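Student:
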């Protein structure tokens, strides 16, 4: 693939980033994400702290693990949203926002299933809401970056090298 193809693809992805950052969908998602971050911090510092004290030792460990998973997921969401806002406000170039380092990483999923039922309802609701928001943002991330990347024409490196040799040395 030529450099021109890669630049066009990056330009197309940058356009997607710019369009999303300027959209009403971004506004709603940003407000929801940042609101959930604040709500979670308030819960974990207040009612959640109180709720965790009445749990058994084993359940308190489960609570600690799930609350860490929750805050990690929310920090990924917030980071992703802040990059999009930086593009919107002109603090970051859309092409820079396309860098792999700004993609969402795989969210750690709970391995406890039904065991989570012992956790306080407040934490369970925040876990559910954060999972749903993460899934939506992950979908946006894939559409803007991964699927846009997959739309690039696939090349065969061997055939590319053969073509380069033919162009350089002719048909010998």
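Numbering (the working numbering), first residue to last: 11 to 182. Glycine included, C-beta positions come from ideal geometry on N, C-alpha and C. Source: prediction; values computed, not measured.
#1: Going by C-alpha distance, which of 44, 103 and 148 is nearest residue 25?
#2: Which full runs of the alpha helix (DSSP H) of 4+ residues lie inside the segment 94-155, going along the chain?
#3: If I'm right that residue 47 touches residue 80 with Cβ under 8 Å, what's the distance once you round it to whole angstroms?
#4: Please say whether residue 114 and residue 140 have beta carbons closer to each other than 7 Å?
#5: What is the rounded straight-line gap between the Cα of residue 137 and the Cα of residue 154?
#6: Assuming the contact rule is C-beta atoms closer than 8 Å, residue 150 and residue 30 should be a hit. Round their C-beta distance to whole Å, please.
#7: Which same chain residues, not among the five before or five after residue 132, have their C-beta less than 8 Å away from its C-beta?
#8: When you compare only the Cα positions, how much space is there between residue 105 and residue 88?
#9: Could you give the distance in angstroms between the alpha-carbon of residue 64 and the alpha-carbon of residue 44?
#10: What is the DSSP secondary structure of residue 32, counted as helix, strand or coil?
Tutor: Here's the rundown:
#1: Reading the chain shown from its first residue, position 15 is the one you call residue 25. That would be 103, whose Cα lies nearest to the Cα of residue 25.
#2: Along the length of the segment 94-155, whole alpha helix (DSSP H) runs at least 4 residues long occupy 104-107 and 131-151, reported in chain order.
#3: Residue mapping note: residue 47 aligns to position 37 of the chain shown, counting from 1. Residue mapping note: residue 80 aligns to position 70 of the chain shown, counting from 1. Not really, about 10 Å apart at Cβ, beyond 8 Å.
#4: Position 130 of the chain shown, counted from the start, is the residue given in the question as residue 140. Position 104 of the chain shown, counted from the start, is the residue given in the question as residue 114. No; because the gap between Cβ atoms is not below 7 Å, this pair is not in contact.
#5: The sequence position of residue 137 within the chain shown is 127, counting from 1. The sequence position of residue 154 within the chain shown is 144, counting from 1. Those two C-alpha atoms are separated by around 25 Å.
#6: Position 140 of the chain shown, counted from the first residue, corresponds to residue 150. Position 20 of the chain shown, counted from the first residue, corresponds to residue 30. That belief holds up - the Cβ atoms of residue 150 and residue 30 are roughly 7 Å apart, short of 8 Å.
#7: Against the chain shown, residue 132 aligns to sequence position 122. Cβ within range, chain order: 53, 57, 58 and 61.
#8: In the chain shown, counting from the first residue as 1, residue 105 sits at position 95. In the chain shown, counting from the first residue as 1, residue 88 sits at position 78. Within the model, the alpha-carbon separation for residue 105 versus residue 88 is close to 20 Å.
#9: Here residue 64 is taken as the residue at index 54 of the chain shown, counted from 1. Here residue 44 is taken as the residue at index 34 of the chain shown, counted from 1. Going by the C-alpha atoms only, they are around 29 Å apart.
#10: By one-based count along the chain shown, residue 32 stands at place 22. The DSSP-derived three-state label of residue 32 is coil.
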